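Presented below is the structure to which this report refers.
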Amino acid sequence: QVQLVESGGGLVQPGGSLRLSCTVSGTISRVNAMAWYRQAPGKQRELVAHVTSGGSTNYAASVKGRFTISRDNAENRVSLQMNSLKPEDTAVYYCNANVNLGSYYWGQGTQVTVSS
82 QVQLVESGGG LVQPGGSLRL SCTVSGTISR VNAMAWYRQA PGKQRELVAH
132 VTSGGSTNYA ASVKGRFTIS RDNAENRVSL QMNSLKPEDT AVYYCNANVN
182 LGSYYWGQGT QVTVSS
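Okay, so the sequence shown: first residue is 82 according to the numbering used here, each after it adds one.
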């Protein structure tokens, strides 16, 4: 059994910052790639940022330069620092991890709302 627990969502004004965290726990021998996705109302879930086990990162064009993904391998944790937030960043953010021999797991989601 593998669980992903997210934290850090909330309400923030445009231009503000939030930091999301996700910790992987359970029967784990290896955490491979980790990522953050988001889903806005009426839209498909989309990849926001991705980090490999070696630390290589890539970002959606819409967040590049504003968001930073990082991971702590000792804690099996991935974080997403979100700066200069815009109303269009409003969505439910989901953590995703590729674990053990390649199974994918999702967190429960955390709401991020950017509004004045």
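Every residue gets a Cβ at the ideal spot worked out from N, C-alpha and C, and that includes glycine. Just so it is clear, the structure is predicted and the values come from calculations on it, not from any experiment.
Return the first residue and the last residue of the beta strand (DSSP E) that residue i is part of.
i	result
V144	Counting along the chain, V144 falls outside any beta strand (DSSP E), and DSSP gives it neither H nor E.
S110	Segment: none, S110 is in no beta strand (DSSP E) and carries neither H nor E.
N177	172-180
S88	83-88
Q162	158-163
T133	Per DSSP, T133 belongs to no beta strand (DSSP E) and is neither H nor E.
Q189	Note, Q189: premise wrong, no beta strand (DSSP E); not H, not E.
G97	Here G97 belongs to no beta strand (DSSP E), and DSSP marks it neither H nor E.
If you measure from the beta carbon of residue i to each beta carbon in chain B, is any gap under 9 Å?
i	result
R111	No chain B is part of this structure, which consists of one protein chain only.
Helix, strand or coil: how does DSSP classify residue i here?
i	result
E127	strand
Which value, in whole angstroms, describes the spacing of the CA atoms of residue i and residue j?
i	j	result
M115	S197	31 Å
L161	G146	12 Å
A155	A142	29 Å
N157	V112	7 Å
R27	V132	Past the edges of the chain, shown from 82 to 197, lies residue 27, and the structure says nothing about it.
V83	Y185	10 Å
L128	G107	24 Å
S110	G135	16 Å
Rounded to whole angstroms, how far is the Cβ of residue i from the Cβ of residue j, which I believe are closer than 8 Å?
i	j	result
A130	V144	7 Å
D153	M163	Their Cβ separation, rounded to whole angstroms, is 18 Å, which puts D153 and M163 out of contact at 8 Å.
- At least three beta-carbon pairs within less than 8 Å, the segment 82-98 to the segment 166-181: Remark: three or more beta-carbon pairs, one from each stretch, lie closer than 8 Å, so the segment 82-98 and the segment 166-181 are flagged as touching.
- Is it true that the segment 91-103 meets the segment 185-193, where meeting means three or more beta-carbon pairs spaced less than 8 Å apart? Of all C-beta pairs linking the segment 91-103 to the segment 185-193, three or more are shorter than 8 Å, placing the two stretches in contact.
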